[in-house]
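Read the structure below first, then the notes.
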Amino acid sequence: MVLGARRGDRLDELADEIRDAGGTALTVATDITQRADVERLVSAAVDEYGRLDVFVGNAGIARIGPTADLDVDGWDAMIDVNLRGVLHGIAAALPVFRRQGHGDFVTVVSTAGLKIVPEMGVYAATKNAVRTLLEALRQESTDGIIRTTSISPGYVNTELDSSIKDPEARAQARAAMESFGLPPEAVARAIAFAIEQPRDVEIGDITIRPTVQG
């Protein structure tokens, strides 16, 4: 497994957990808004293991607020991370998948794109853009080489709330996450389910949410 993120300390902690459990892990400091970083991440996987089986795009930020607030910087940031980051992953991994004859793209989107709510319009738009992109790539890849999966989680107990600038909205999100948010492992299990299917089976979309989430 090759792990990429901006925070090297967290990468190292996770890599140690994987190794302690008997796995192998390589870390690469990666800012997905930078195409060269993502290319370096993919190259590291190929150099270390000789191939790339799965590319998981999991990075995301949420700048929640009324559209009329005109948080253009926040909009740009969400587009850069939530959408452009996925495009960078596709640009880096697709040639490798084509060359080796197989590969899976998995992206983590959001139920926010399925149930539109006020103050999350641009965030939901970036997630729906990714969902549309993956569906187009699926239809362009019916030769059995590329599989695509979009995972749409509801509330998950992560640090996504740290990217919310409005204190009240951030507090509400944190309270919901701590009260009934899924553990991140639930999303990991959904990803594993998708990629463990036989090569002639493609799980295009999975929605996963807490049973108490409306």
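Each residue of the sequence shown is one higher than the one before, starting from 1391 at the first, in my numbering. Think of the CB as a built atom: it goes at the ideal place given N, C-alpha and C, for glycine as much as any other residue.
Return the residue from the list the options that minimises the CA-CA distance to residue i.
i                  : options                            : result
valine 1577        : Gly1413, Pro1557, Ser1542          : Ser1542
alanine 1411       : Glu1558, Met1391, Thr1548, Arg1521 : Met1391
leucine 1524       : Gly1594, His1478, Lys1555          : Gly1594
proline 1508       : Pro1573, Asp1459, Arg1441          : Asp1459
threonine 1420     : Ala1482, Ile1469, Asp1463          : Ala1482
glutamate 1568     : Leu1401, Val1520, Thr1548, His1492 : Thr1548
glutamate 1592     : Gly1571, Ser1553, Pro1600, Ser1540 : Ser1540
aspartate 1418     : Arg1425, Ile1408, Arg1409, Leu1401 : For clarity, residue 1418 is valine in the given sequence; the question names aspartate instead. Considering only alpha carbons, the answer is Leu1401.
isoleucine 1469    : Ala1426, Tyr1513, Glu1438          : Tyr1513
proline 1600       : Pro1574, Leu1431, Arg1409          : Pro1574
leucine 1442       : Arg1489, Gly1544, Ile1554, Arg1397 : Arg1489
leucine 1473       : Asp1399, Gly1493, Val1498          : Val1498
aspartate 1533     : Ala1405, Thr1501, Gly1491          : Gly1491
glutamine 1587     : Met1510, Gly1493, Val1520          : Gly1493
glycine 1345       : Glu1407, Ile1596, Ala1435          : What the structure shows of the chain is the stretch from 1391 to 1604, and residue 1345 is not part of that stretch, so it cannot be assessed.
phenylalanine 1570 : Pro1485, Val1462, Glu1407, Gln1603 : Gln1603
arginine 1583      : Thr1501, Thr1538, Met1510          : The displayed chain sequence assigns phenylalanine, not arginine, to residue 1583. Considering only alpha carbons, the answer is Thr1538.
glutamate 1438     : Thr1457, Leu1416, Ala1426, Ala1449 : Leu1416
leucine 1484       : Ser1433, Gly1464, Asp1463          : Ser1433
aspartate 1590     : Arg1560, Ser1531, Glu1407, Ala1526 : Ser1531
valine 1462        : Gly1511, Arg1396, Gln1562          : Gly1511
aspartate 1466     : Ala1502, Gln1562, Thr1516          : Thr1516
glutamine 1424     : Glu1403, Glu1407, Arg1396, Thr1414 : Arg1396
isoleucine 1596    : Thr1501, Ala1559, Ile1506          : Thr1501
For the putative contact between residue i and residue j, defined by C-beta atoms under 8 Å, what is the C-beta separation to the nearest angstrom?
i                  : j                  : result
valine 1496        : isoleucine 1581    : 5 Å
phenylalanine 1487 : isoleucine 1422    : In fact, because the Cβ distance is near 18 Å, the residues do not count as touching under 8 Å.
glycine 1447       : valine 1476        : 5 Å
valine 1471        : isoleucine 1451    : 5 Å
aspartate 1551     : arginine 1564      : 5 Å
tyrosine 1545      : leucine 1572       : 7 Å
arginine 1453      : serine 1553        : 7 Å
glycine 1620       : phenylalanine 1445 : Within the shown structure, residues of the chain are numbered from 1391 to 1604, placing residue 1620 beyond reach of any answer.
Three-state secondary structure (DSSP) at residue i?
i               : result
aspartate 1463  : helix
threonine 1621  : No answer is possible for residue 1621: it lies beyond the span of the chain, which begins at 1391 and ends at 1604.
isoleucine 1596 : strand
threonine 1457  : helix
valine 1602     : coil
alanine 1415    : coil
glycine 1475    : helix
valine 1591     : coil
glycine 1398    : helix
leucine 1431    : helix
leucine 1404    : helix
leucine 1484    : helix
If you scan the stretch 1489-1567 from start to end, which runs of the beta strand (DSSP E) of 3 or more residues do you find wholly inside it? The stretch 1489-1567 contains these whole beta strand (DSSP E) runs: 1493-1498, 1536-1543.
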